[in-house]
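Sequences listed follow chains L and P, in order.
At position 24 of the first sequence (counting the first as 1) the number is 53 in the working numbering, and the numbers step up by one without a gap.
At position 32 of the second sequence (counting the first as 1) the number is 37 in the working numbering, and the numbers step up by one without a gap.
Presented below is the structure to which this report refers.
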Amino acid sequence: AQSVAQPEDQVNVAEGNPLTVKCTYSVSGNPYLFWYVQYPNRGLQFLLKYITGDNLVKGSYGFEAEFNKSQTSFHLKKPSALVSDSALYFCAVRDGVTGANNLFFGTGTRLTVIP
Amino acid sequence: SQTIHQWPATLVQPVGSPLSLECTVEGTSNPNLYWYRQAAGRGLQLLFYSVGIGQISSEVPQNLSASRPQDRQFILSSKKLLLSDSGFYLCAWRVGSLNTGELFFGEGSRLTVL
Chain L
30 AQSVAQPEDQ
40 VNVAEGNPLT
50 VKCTYSVSGN
60 PYLFWYVQYP
70 NRGLQFLLKY
80 ITGDNLVKGS
90 YGFEAEFNKS
100 QTSFHLKKPS
110 ALVSDSALYF
120 CAVRDGVTGA
130 NNLFFGTGTR
140 LTVIP
Chain P
6 SQTIHQWPAT
16 LVQPVGSPLS
26 LECTVEGTSN
36 PNLYWYRQAA
46 GRGLQLLFYS
56 VGIGQISSEV
66 PQNLSASRPQ
76 DRQFILSSKK
86 LLLSDSGFYL
96 CAWRVGSLNT
106 GELFFGEGSR
116 LTVL
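Shown next, in the form of structure tokens:
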């Protein structure tokens, strides 16, 4: 079985400060990990993914994420938060062995960047 | 470039009425297509996916059905809506390979059942 957990419903950070949105996963095979962002009443936008290789993945809008196999985590980070980063963030996982046609999403973390 | 369209964007329907939400993809052929539902602005639930014309897989038993009459068209339907069908419905197609490709989402259709 595959699952993903986002332990924080809400994250608040001051503009200009670094931000981290946490994600942990569980799969039986190799994990393929994704981050998406959703603005109000909009569809999800793809930010970045980890498939293999370098554990630090860089994506859109200055975001990056670090894959940590021993901690089964894939936290989303940005060195300096912008007010426009305020949105709902979703982590997702696909099991490389068994889960070809389903991408399991976390419950989302609402990020608020305070001016 | 590839684009995905969903309509209607917003829909208010009475209980017991039928439903039809449409999704079309442009700029690609034979895409894998997906319908997700997002309840209360949070988690996403996979409802259906399709790997080709007439091929539909259902992930969750429910009051809804899906059809794929053309290569780039995916339709979500119901004969009689329930209050619990309210939600934000998202169509998506998969970019790239089966395991490693990301999903590209439409703008969503918000359904309110009264």
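No residue lacks a Cβ here, since even glycine has one placed at the ideal position from N, Cα and C.
Establish whether the CB of L/K78 and some CB of chain P are separated by less than 8 Å. L/K78 counts as touching chain P.
With DSSP as the reference, label P/L88 as helix, strand or coil. Reduced to three states, the DSSP call for P/L88 is helix.
Go ahead and pull the three-state DSSP assignment for L/D124. strand
Beta carbons nearer than 8 Å to chain L: which residues of the segment 51–74 of chain P have them? L51, Y54, V56, S62, E64
Take L/D114 as the anchor and find which of L/S89, L/F96, L/K98, L/N59 has the nearest alpha-carbon. The closest CA to that of L/D114, considering only L/S89, L/F96, L/K98, L/N59, is found on L/S89.
Residues of chain P with CB under 7 Å from L/G137, in chain order? R47, G48
Closest by C-alpha distance to L/F75, when choosing among L/A110, L/A43, L/C120, L/T53: Checked all of L/A110, L/A43, L/C120, L/T53; the closest Cα to L/F75 is L/C120.
Please confirm if L/N145 has its CB atom under 8 Å from at least one CB of chain P. Nothing can be reported for residue 145 of chain L, as the shown portion of chain L is limited to 30 through 144.
Check whether chain L comes within 8 Å of P/V118, counting only Cβ atoms and requiring the distance to be less than that. Residue contact check for P/V118 against chain L: no CB pair falls below 8 Å.
Express the C-alpha separation of P/L87 and P/V20 in angstroms, rounding to a whole number. Cα to Cα, P/V20 sits roughly 5 Å from P/L87.
Name the DSSP bridge partner or partners of P/F79? Looking at the DSSP assignment, P/F79 forms a beta bridge with P/C28.
Determine whether the beta carbon atoms of P/I80 and P/L26 lie at a separation below 8 Å. Result yes, Cβ atoms of P/I80 and P/L26 sit closer than 8 Å.
Hey, does P/E121 have any beta-carbon neighbour from chain L nearer than 8 Å? This structure cannot settle anything about residue 121 of chain P, because the visible part of chain P is limited to 6 through 119.
Grab me the residues of P/K84's own chain with a C-beta within less than 7 Å of its C-beta, minus the 5 sequence neighbours each way, in chain order. Excluding five sequence positions before and after P/K84, the CB atoms of its chain that fall closer than 7 Å to its own CB belong to P23, given in chain order.
Let me know if P/A71 comes out buried or exposed under the rule of 16 or more other beta-carbons within 10 Å of its beta-carbon. P/A71 is buried by the Cβ-count criterion.
Which word fits L/A110, buried or exposed, when buried means at least 16 other C-beta atoms lie within 10 angstroms of its C-beta? Result: buried.
Sorted by chain position, which residues of the same chain lie with C-beta nearer than 8 Å to L/L73's C-beta, five sequence neighbours on each side aside? Y65, V66, Q67, F119
Close beta carbons around P/E31, own chain, < 8 Å, minus the five adjacent residues each side: Q7, T8, I9, H10, R77
Between the alpha carbons of P/F93 and L/F134, how many angstroms are there, rounded? Rounded to the nearest angstrom, the two C-alpha atoms are 15 Å apart.
Provide the residue span of the beta strand (DSSP E) that contains L/R139, from first to last. Secondary structure note for L/R139: its beta strand (DSSP E) is the uninterrupted segment 138–143.
Which of the three DSSP states, helix, strand or coil, is assigned to L/V112? When secondary structure is reduced to three states using DSSP, L/V112 falls in the helix class.
CB contact below 8 Å: L/N46 versus chain P: For L/N46, no CB of chain P lies under 8 Å from its own CB, so it is not counted at the interface with that chain.
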